[in-house]
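Each remark here refers to the structure printed beneath this line.
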Amino acid sequence: MDCREWLDIKQYEFLMNYFMRRQQQHAMADLNEPYSYDGFSTYDQLYQQIVKEAEVAFIECFGEPAPPIVFTNLFHLAELELAGKRPRLKGPKMIQ
């Protein structure tokens, strides 16, 4: 899902950079465990912590909350970016 419809470019870049930096700091790509999404793995705990921190940082920076879905989407997009597997986003169609 493309989050650019909910965020302006500064907000989008802020969250992408934030998530990439925090994932690198916690060495999430080096975790030797499956992505269980059960809430109890180290990955899940770090994900929840980083998203909560990002929500606070976003409000501090922009003075308003963002839709919750953008945090999940951009967190995982940042993972793909760090892994070098980011999908190409299609720009808006041109009207002729």
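Convert by adding 1 to the 1-based position in the sequence shown; the result is the number in my numbering. Cβ coordinates follow ideal geometry from the N, Cα and C atoms, glycine included.
- Message: For residue 51, count the other beta carbons within 10 Å of its own beta carbon; 16 or more makes it buried, fewer makes it exposed. Which is it?
- Response: buried
- The alpha helix (DSSP H) with residue 21 in it runs from where to where? 10-26
- Query: Leaving out five residues before and five after residue 75 in sequence, what residues of the same chain have Cβ atoms less than 8 angstroms from its Cβ?
  - Reply: Answer for residue 75: 4, 13, 16, 17, 20, listed in chain order.
- Message: In whole angstroms, give me the CA-to-CA distance for residue 6 and residue 65.
- Response: 16 angstroms
- Proximity winner among 9, 11, 25, 10, relative to residue 82 (alpha-carbon distances): 25
- Shortest alpha-carbon distance to residue 79 belongs to which of 67, 40, 55, 42? 55
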